[in-house]
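Structure, as C-alpha cells:
2 protein chains.
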Amino acid sequence: MKIVITGGTGFVGRRLALKLLEKNDLDFGRGQGELDSLVAFDVGEADPPFPDDPRLETVTGDVTDPDQLRAVITPDTDAVFHLAAVVSAGAEADFDLGMRVNLGGTRAVLDVCRELGTQPRVVFASSVAVFGGLVPDVIQDDTHLNPQTSYGAQKASSELLINDYSRKGFVDGRALRLPTVVVRPGKPNKAASTFASSIIREPLQGDRVNCPVGEDQAMWLLSPRRVVDAFIRAAEMPAADWGPHRAVSIPGITHSVREMVDALTRVAGQAVSDRIDFKPDPAIQAIVSGWPMKFAANRGRDLGFEADDSMEEIIQGFIEDELGGSFVS
Amino acid sequence: MKIVITGGTGFVGRRLALKLLEKNDLDFGRGQGELDSLVAFDVGEADPPFPDDPRLETVTGDVTDPDQLRAVITPDTDAVFHLAAVVSAGAEADFDLGMRVNLGGTRAVLDVCRELGTQPRVVFASSVAVFGGLVPDVIQDDTHLNPQTSYGAQKASSELLINDYSRKGFVDGRALRLPTVVVRPGKPNKAASTFASSIIREPLQGDRVNCPVGEDQAMWLLSPRRVVDAFIRAAEMPAADWGPHRAVSIPGITHSVREMVDALTRVAGQAVSDRIDFKPDPAIQAIVSGWPMKFAANRGRDLGFEADDSMEEIIQGFIEDELGGSFVS
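Respectively, the protein sequence lines represent chains E and L.
Going letter by letter, the first sequence gives residues 299 to 627 in the numbering used here.
Going letter by letter, the second sequence gives residues 299 to 627 in the numbering used here.
Structure (C-alpha cells):
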C-alpha cells in the first residue's frame, strides 16, 4: 500500500504521516493492508527530520508541476492526501501565487491521479473559508459557498473539482472543511488565526503573549489529533457513504477566547493564563470577526467525524504531544 | 464606449449585440455614452451575417487564448459579456474540452481584463446547473452550489472567480444564473432541454414534433427577450448594488409541459398543438427530471430582473422575432 501526502512536511502533513506509519490495518477500498511506502511531498525538507523509517521518503518539489507529481503519484498509489497550499494571508497578498498553488495545484494533483486510471482516493484539505458574506448564524451543511478571500475561493473551486472528478470516476475524492487547528507548535505565523494557538502555546512555555482580539471573540476549533483522525477516517470511508457531495464540514467546538483562557487556567493554573495580555489589534479583529464560528456539522457527525470533547482535552493533547508532557507553571 | 461579447455570434450573443447597437444611453459606471465599437468574438462567423453597422465587428478566435483576447479586449473596453461556452452535453461528453473552454476561458477573459487595470464590467452567463444533488424543492438564493454535471461545476467555479476577481478590484463582475431559454430558433441541438423550444417552434411552422418527456415535467423558463434585457441590466447596475456576492438567479417562470402546450393552443389554436406527439425518451426524461424547476429568485427580483409575464408572451415574442409575425395555423 502506497500513500502520498502533498504538504507532507508541514505541521498537519507531518503528524498525518507519522500516524499513518503507525497503522497496520489501513483500508482504502481495496482491502486491508500494511503501508509499504509513504511519500511526503513538499517544497521543503522535514524540519526536524522525520524519524528513520524505510517506508518513508521525503521528496521536495512543486505541486503545480505535473511531471514532478507523476514521479511520486505512481500507479501503485492507493491514496493521496492533498494538503499543500499557500496559506490564507499568503494567497491574499499574492493572488497569482495563490491561484497557481491552491487552484492549479489541486488541478494538477487531480489530473495526475486521473491519468493513473485506478481511481485513487484523494483527500483534500479544504477550509471553512469557503463560507462568507451573508450567512446564517449557524452554518448549515447546505449553506452556499460564498468565500470572501482568495484562499476561500480557491478552496471552494477545488471542492467543485473534487466533486466533479469523483462523479466522473477519475478519482475517489473527499474534501474536508477544517476548523481552525489549535494548538499549533512552533512560532506564530502570518495567519490572522495564529493567536488562537499562541495564547495557549506561549504561556505554557513561560512566555508572555498578546491576544489581539477581544475575549468575546469566538472561533471554531479542532485539535491536531482530531484533524489527523479526520483525514484517515475520510480516506477509509467507502465512496457510497459520500453520496452526490464529496465535501463535508468537520465537527469542531465553538469557544470564545475567554473560554479558551478559562480552560488554560483549569489545566495549567492562573499563573500561566496571567501571561496573556489583551491589546486589541483592530486589523486582526476585523478579519477574525468575519469568520463563521458556529457550524451545525450534522453531516460530519453522521459520517462519524468527531470534535474534541473540550478545550481542556485540546490543551492536554498539546502538552503531551509537543511539550513532552510538562509546562512552565 | 466599447463592448466585447464572447460567444457573440451565438443565439443569445447575437440578439444581445443587436439590442446593444439599438441603445444610445448605455452606462457602465463611467457615465452615459453611445456605443462606438462592439466586437462579437466567437469561434465562427455570424450565420446569417450581422446587418451592416460600422460599429460592429466580428472576430473569430479561441476564448482560451490570452493573445487573441488581448487583441479585442483593449484598454478602451468598458464591458465584456462572457457568453462563450461548450454546452452542457458537450462538456459532459468531452471533459477536457469543457474544462479548457468553460473554466479556462473564463479565467483567460478575467486575466486579460485584469491586465487592463481599468476594472471593466464583466457579465458572465452562468446557469442553474450550478445547483444539484440534494436541494430544497424551491431553490433559494443561498442554496449551496452542488453541480452534478461538469458544465455546472465549470460554471460554479467561474462564478467563484468572478466573485474573487471583483472583490480584489481586478474587474467589476456579475454572474447571471439563467433559466432554460425558450423559444430558441433554428434546429434542435444536442442539449437535453432542446425539446422545450422544439415543441413550440416546430408546430408553429407546420411540422410535427415529439416531446420526449411527460406532460407533468416542469421547467424553469425565460424568453430570449428577457435574457437580453437581463444581461444589459446586469451590466448597467452599480457595483454597490451587488454587495459581497456577484452571482444571481434570474427570475423565470415555472411551467409544466402541459401548461406550455395549453399556452400554445391559446396563442395558435388546437390544430397547432395537435402537432405534438408524446413518445417518452427515458434517457432525456432522466436528465430533465433532475433539474431544479422552482426558484425563489427573490434577490433577482429585488435587483430589478424580470421574468416573462406568461408563456403566451414568450410564444408571441417568438412569432414576432423569429417567424416574421405569422405561423402555420
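No residue lacks a Cβ here, since even glycine has one placed at the ideal position from N, Cα and C.
ask   = Just to confirm, are residue 312 of chain L and residue 334 of chain L a CB contact at a threshold of 8 Å?
value = Stepping through the second sequence from its first residue, residue 312 of chain L is reached at position 14. Stepping through the second sequence from its first residue, residue 334 of chain L is reached at position 36. By the CB criterion at 8 Å, residue 312 of chain L and residue 334 of chain L fall outside the cutoff.
ask   = Can you list, in chain order, the residues of its chain whose CB lies under 7 Å from that of residue 455 of chain E, leaving out five sequence neighbours each side?
value = Start at 1 with the first residue of the first sequence, and residue 455 of chain E comes out as number 157. So the list reads 401, once near-sequence residues are dropped.
ask   = According to the neighbour-count rule (16 or more other Cβ atoms, all chains shown, within 10 Å of its Cβ), is residue 578 of chain L buried or exposed?
value = In the second sequence, residue 578 of chain L corresponds to position 280, counting from 1. Classification of residue 578 of chain L: exposed, given that the 10 Å Cβ count is below 16.
Boundaries (first-last residue) of the alpha helix (DSSP H) holding residue 317 of chain L = Reading the second sequence from its first residue, position 19 is the one you call residue 317 of chain L. Counting along the chain, the alpha helix (DSSP H) containing residue 317 of chain L begins and ends at 309–320.
ask   = Do the CB positions of residue 367 of chain E and residue 407 of chain E come within less than 8 Å of each other?
value = What you label residue 367 of chain E is simply residue 69 of the first sequence in a count that begins at 1. What you label residue 407 of chain E is simply residue 109 of the first sequence in a count that begins at 1. A contact, by the Cβ cut-off of 8 Å.
request  = Could you check what DSSP says for residue 397 of chain E in three-state terms: helix, strand or coil?
outcome  = To locate residue 397 of chain E, count along the first sequence from 1; it is residue 99. When secondary structure is reduced to three states using DSSP, residue 397 of chain E falls in the helix class.
ask   = Using the rule of at least 16 other Cβ atoms within 10 Å of the residue's Cβ for burial, across every protein chain shown, is residue 394 of chain L buried or exposed?
value = One-based indexing of the second sequence puts residue 394 of chain L at position 96. Exposed, by the Cβ-count rule.
task = With DSSP as the reference, label residue 598 of chain E as helix, strand or coil.
result = The residue given as residue 598 of chain E occupies position 300 in the first sequence. Secondary structure of residue 598 of chain E (DSSP, three-state): helix.
task = List the residues of chain E that residue 321 of chain L touches, going by C-beta distances under 7 Å, in chain order.
result = Taking the second sequence and counting its residues from 1, the one referred to as residue 321 of chain L is at position 23. Per Cβ cutoff of 7 Å: no residues; residue 321 of chain L is ~32 Å from chain E at best.
ask   = Should residue 304 of chain E go down as buried or exposed, given a rule of 16 or more other Cβ atoms within 10 Å for buried?
value = On the first sequence, residue 304 of chain E is found 6 positions in, with the first residue counted as 1. So residue 304 of chain E ends up on the buried side.
message = Just to confirm the assignment: which complete alpha helix (DSSP H) runs, minimum length 4, are found wholly within the region 328–413 of chain L?
response = The qualifying runs are 364–370, 386–391, 393–396.
Distance, residue 396 of chain L Cα to residue 359 of chain L Cα = Against the second sequence, residue 359 of chain L aligns to sequence position 61. Against the second sequence, residue 396 of chain L aligns to sequence position 98. In a straight line, the C-alpha of residue 359 of chain L is about 17 Å away from that of residue 396 of chain L.
Neighbourhood of residue 521 of chain E by C-beta distance below 6 Å, restricted to the same chain and skipping five residues each side = Within the first sequence, the letter at position 223 stands for residue 521 of chain E. These residues qualify, in order along the chain: 606, 612, 615.
Integer-rounded CB distance, given that residue 378 of chain L should sit under 8 Å from residue 302 of chain L = Stepping through the second sequence from its first residue, residue 302 of chain L is reached at position 4. Stepping through the second sequence from its first residue, residue 378 of chain L is reached at position 80. The C-beta distance from residue 302 of chain L to residue 378 of chain L rounds to 5 Å, short enough to fall under 8 Å.
ask   = What three-state label does DSSP hand residue 473 of chain L in the structure shown?
value = Here residue 473 of chain L is taken as the residue at index 175 of the second sequence, counted from 1. In the structure shown, the three-state DSSP call for residue 473 of chain L is strand.
inquiry  = What I want to know is whether the C-beta of residue 576 of chain E ends up closer than 7 Å to one or more non-hydrogen atoms of the ligand MG.
reply    = With respect to the ligand MG, the structure shown offers nothing to examine, as it has no ligands at all.
Residues that residue 431 of chain L contacts on chain E, provided the C-beta gap is smaller than 7 Å = Within the second sequence, numbered from 1, the residue matching residue 431 of chain L stands at position 133. Identification of chain E residues near residue 431 of chain L by a Cβ-Cβ cut-off of 7 Å yields 542, 543, ordered along the chain.
query = Expressed to the nearest angstrom, what Euclidean distance is found between the alpha-carbon atoms of residue 283 of chain L and residue 563 of chain L?
reply = Since the displayed chain L opens at 299 and closes at 627, residue 283 of chain L lies outside it and no answer follows.
task = Compare the C-alpha of residue 309 of chain L against each of L:299, L:447, L:338, L:399 and name the closest.
result = In the second sequence, residue 309 of chain L corresponds to position 11, counting from 1. Looking at L:299, L:447, L:338, L:399, the one whose alpha-carbon comes closest to that of residue 309 of chain L is L:338.
ask   = Does the separation of the CB atoms of residue 328 of chain E and residue 376 of chain E fall below 8 Å?
value = Within the first sequence, the letter at position 30 stands for residue 328 of chain E. Within the first sequence, the letter at position 78 stands for residue 376 of chain E. A Cβ-Cβ contact shorter than 8 Å links residue 328 of chain E with residue 376 of chain E.
query = What residues in the region 585–603 of chain L have a beta carbon less than 8 Å from any beta carbon of chain E?
reply = Listed by position along the chain: nothing, the set is empty.
task = Determine the burial state of residue 332 of chain L: buried for a count of at least 16 other Cβ atoms within 10 Å of its Cβ, exposed for fewer.
result = Taking the first residue of the second sequence as position 1, residue 332 of chain L is located at position 34. Residue environment for residue 332 of chain L: exposed (fewer than 16 other C-beta atoms within 10 angstroms of its C-beta).
query = Counting contacts by CB-CB distance shorter than 8 Å, is residue 364 of chain L in contact with chain E?
reply = For the purposes of this step, residue 364 of chain L is taken as residue 66 along the second sequence, with counting starting at 1. No Cβ of chain E is located within less than 8 Å of the beta carbon of residue 364 of chain L.
inquiry  = Looking at the secondary structure, which residues open and close the alpha helix (DSSP H) in which residue 582 of chain L lies?
reply    = For this step, residue 582 of chain L is matched to residue 284 along the second sequence. Residue range 580–587 is occupied by the alpha helix (DSSP H) that includes residue 582 of chain L.
request  = Go through its chain and collect everything with a Cβ distance to residue 596 of chain L's Cβ below 7 Å, but skip five positions before and after it.
outcome  = Taking the first residue of the second sequence as 1, we reach residue 596 of chain L at position 298. Sequence-distant Cβ neighbours of residue 596 of chain L in its own chain, meaning closer than 7 Å and more than five residues away, are 439.
Rounded distance between the beta-carbons of residue 609 of chain E and residue 561 of chain E, thought under 8 Å = Against the first sequence, residue 561 of chain E aligns to sequence position 263. Against the first sequence, residue 609 of chain E aligns to sequence position 311. Sure, about 4 Å apart at Cβ, within 8 Å.
request  = Report the neighbours of residue 549 of chain E on chain L: residues whose CB is nearer than 8 Å to its CB, in chain order.
outcome  = Looking up residue 549 of chain E in the first sequence gives position 251. At a beta-carbon threshold of 8 Å, none of the residues of chain L lie near residue 549 of chain E; the nearest stands roughly 18 Å away.
Where the alpha helix (DSSP H) containing residue 609 of chain E begins and where it ends = In the first sequence, counting from the first residue as 1, residue 609 of chain E sits at position 311. Start and end: 609–620.
C-alpha distance - residue 371 of chain L paired with residue 542 of chain E, whole-angstrom precision = Start at 1 with the first residue of the second sequence, and residue 371 of chain L comes out as number 73. Start at 1 with the first residue of the first sequence, and residue 542 of chain E comes out as number 244. Looking at the backbone, the Cα of residue 371 of chain L and that of residue 542 of chain E are separated by about 39 Å.
Contact set between residue 442 of chain L and chain E, taken where Cβ atoms lie within less than 7 Å = Here residue 442 of chain L is taken as the residue at index 144 of the second sequence, counted from 1. Correct list: 440, 441, 442, 443.
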